[in-house]
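In this note's numbering, the protein residues as written are 177 to 584.
C-beta atoms are modelled at their ideal positions from N, C-alpha and C, and glycine is treated no differently.
Notes follow once the structure below has been shown.
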Ligand code: HSE
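Here is the structure:
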């Protein structure tokens with residue numbers, strides 16, 4: 177018998193209890209033992225809940241109960257989630273979490289405690305919602321040296337971009353629909369400013385490259401500066417604009433990590449990923465490109481990933497010692513953003529073709545209907561962030577848009 181506590185009864189927490197109850201029989205068969213939710217922690221009251229007997233507001237009851245084997249943290253946020261998770265691991269309980277903020281900020285430390293205490297710390301639901309990615313990256317692709325990862329990692333922004341592009345829906349309407357559907361973070365600026373995608377690419381990069389990549393080391397841009405004009409030029413380019421979190425092994429031994437809106441060519445598997453769907457492309461030196469696709473947010477998809485972790489934690493309570501990465505206070509292995517190289521889409525005003533070619537050399541021009549006469553849009557060859565910024569600054573006109581072009 178595995179006894180479980182679920183911390184948080186919000187969207188994912190209530191979904192987790194629902195899935196555990198709904199599929200109890202088959203889950204217990206897979207876990208090889210009965211599974212029982214003994215406690216649900218939440219500060220709110222749920223007098224009409226069928227599980228009302230299980231609610232507690234006191235975490236001490238849970239962490240001090242020797243019967244509890246698995247603590248499931250689905251509260252989100254750093255505090256008190258970090259304190260609760262750390263205390264659970266130190267008390268010899270396995271932890272399952274969907275909390276990307278927690279794993280991105282404290283993953284190395286919590287994995288080390290789990291290893292020391294010989295218990296599990298699982299976080300499949302922290303990246304990609306219902307998409308299996310942590311375990312495939314850690315186990316199924318273990319023959320590969322991971323060369324790069326690029327993903328549409330935020331369902332809310334992908335939903336907003338899709339609605340804006342396909343249905344001409346205004347940004348605010350698309351965002352409030354995403355909120356109503358339970359996709360968005362409590363503070364949706366974490367979605368639209370790219371912070372949520374940043375946390376997720378940090379988790380994937382830490383796992384793939386073996387050292388903790390902290391969000392502060394990652395240049396992060398959201399989708400708020402993407403305009404309908406850029407969308408039109410991207411159509412002429414033959415692709416789609418997507419918010420991409422990416423990490424790539426470089427020849428100098430470092431890794432480049434960034435979150436930014438990007439032009440993605442139409443033939444890329446990422447280009448056709450729409451609505452709340454996420455997709456993560458993993459580039460291995462042996463397997464080549466593998467793409468993981470599915471619902472990246474929402475109650476039941478995310479709860480499904482949490483419950484799968486619970487089943488695996490119940491089957492083997494002792495530490496998965498290889499699901500691990502080193503801590504690294506020194507982030508020198510992460511390339512400085514100004515040195516990161518890629519092609520850029522630039523939209524400029526008050527710049528002639530001659531001036532553009534003198535400054536940028538070989539460029540590929542883009543067109544759109546009803547562009548003002550003094551607007552110029554083109555794709556550069558590969559340039560570092562610094563080279564691109566310096567060249568734009570040297571021009572007499574103004575830069576209206578600078579969006580990376582990624583080859584994934
Ligand atoms: N706000 C997140 C998203 C939820 O939209 O992807 C899933 O992590």
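Distance, residue j Cα to residue i Cα
i           : j           : result
residue 279 : residue 510 : 18 Å
residue 413 : residue 504 : 40 Å
residue 512 : residue 238 : 43 Å
residue 572 : residue 345 : 35 Å
residue 339 : residue 495 : 43 Å
residue 558 : residue 519 : 4 Å
residue 424 : residue 542 : 28 Å
residue 583 : residue 410 : 14 Å
residue 178 : residue 213 : 9 Å
residue 434 : residue 374 : 8 Å
residue 282 : residue 303 : 15 Å
residue 570 : residue 549 : 21 Å
residue 422 : residue 479 : 25 Å
residue 440 : residue 329 : 15 Å
residue 432 : residue 464 : 19 Å
residue 445 : residue 400 : 24 Å
residue 443 : residue 451 : 18 Å
residue 203 : residue 235 : 26 Å
residue 579 : residue 405 : 12 Å
residue 568 : residue 523 : 10 Å
residue 402 : residue 348 : 14 Å
Check: residue i C-beta below 6 Å from any heavy atom of the ligand HSE
i           : result
residue 218 : no
residue 300 : no
residue 521 : no
residue 305 : yes
residue 332 : yes
residue 584 : no
residue 472 : yes
residue 481 : no
residue 469 : no
residue 197 : no
residue 361 : yes
residue 485 : no
residue 372 : yes
residue 367 : yes
Sequence-distant residues of its chain with Cβ nearer than 7 Å to residue i (five each side left out)
i           : result
residue 484 : 300
residue 540 : 554, 555
residue 390 : 378, 507
residue 257 : 249, 251, 275, 278
residue 263 : 239
residue 383 : 310, 313, 314, 501
residue 526 : 550, 572, 573, 574
residue 387 : 501, 502, 504, 509
residue 531 : 571
residue 396 : 370, 371, 374, 435
Own chain residues within Cβ distance below 8 Å of residue i, not counting five before or after
i           : result
residue 497 : 291
residue 364 : 332, 351, 354, 355
residue 265 : 271, 286, 289, 290, 293, 295, 297
residue 529 : 541, 552
Reduced DSSP category for residue i - H, G, I as helix; E, B as strand; rest coil
i           : result
residue 225 : coil
residue 495 : coil
residue 520 : strand
residue 543 : coil
residue 563 : helix
residue 465 : strand
residue 318 : coil
residue 329 : coil
residue 536 : helix
residue 335 : helix
residue 191 : helix
residue 205 : helix
residue 576 : strand
residue 515 : helix
residue 309 : coil
residue 430 : coil
residue 177 : coil
Neighbourhood of residue i by C-beta, 6 Å cutoff - its chain only, sequence neighbours within 5 removed
i           : result
residue 185 : 216, 218
residue 515 : 560
residue 323 : 425, 459, 461
residue 466 : 458
residue 321 : 461
residue 327 : 421, 456
residue 369 : 398
is_contact[residue i, chain C] using C-beta, thresh 7 Å
i           : result
residue 244 : The structure shown contains no chain C, having only a single protein chain.
Near the ligand GDP: residue i beta-carbon under 6 Å from a heavy atom
i           : result
residue 234 : This structure does not include the ligand GDP; its bound ligands are the ligand HSE.
Practice prompt. Within the region 228-307, note down every full beta strand (DSSP E) run reaching 3 residues or more, in order along the chain.
Written response: Whole beta strand (DSSP E) segments, 3+ residues: 244-249, 270-273.
Item to complete: Write down every uninterrupted run of the beta strand (DSSP E) in the region 342-426 whose length is 3 residues or greater and which is fully enclosed by it, in chain order.
Response: 415-425
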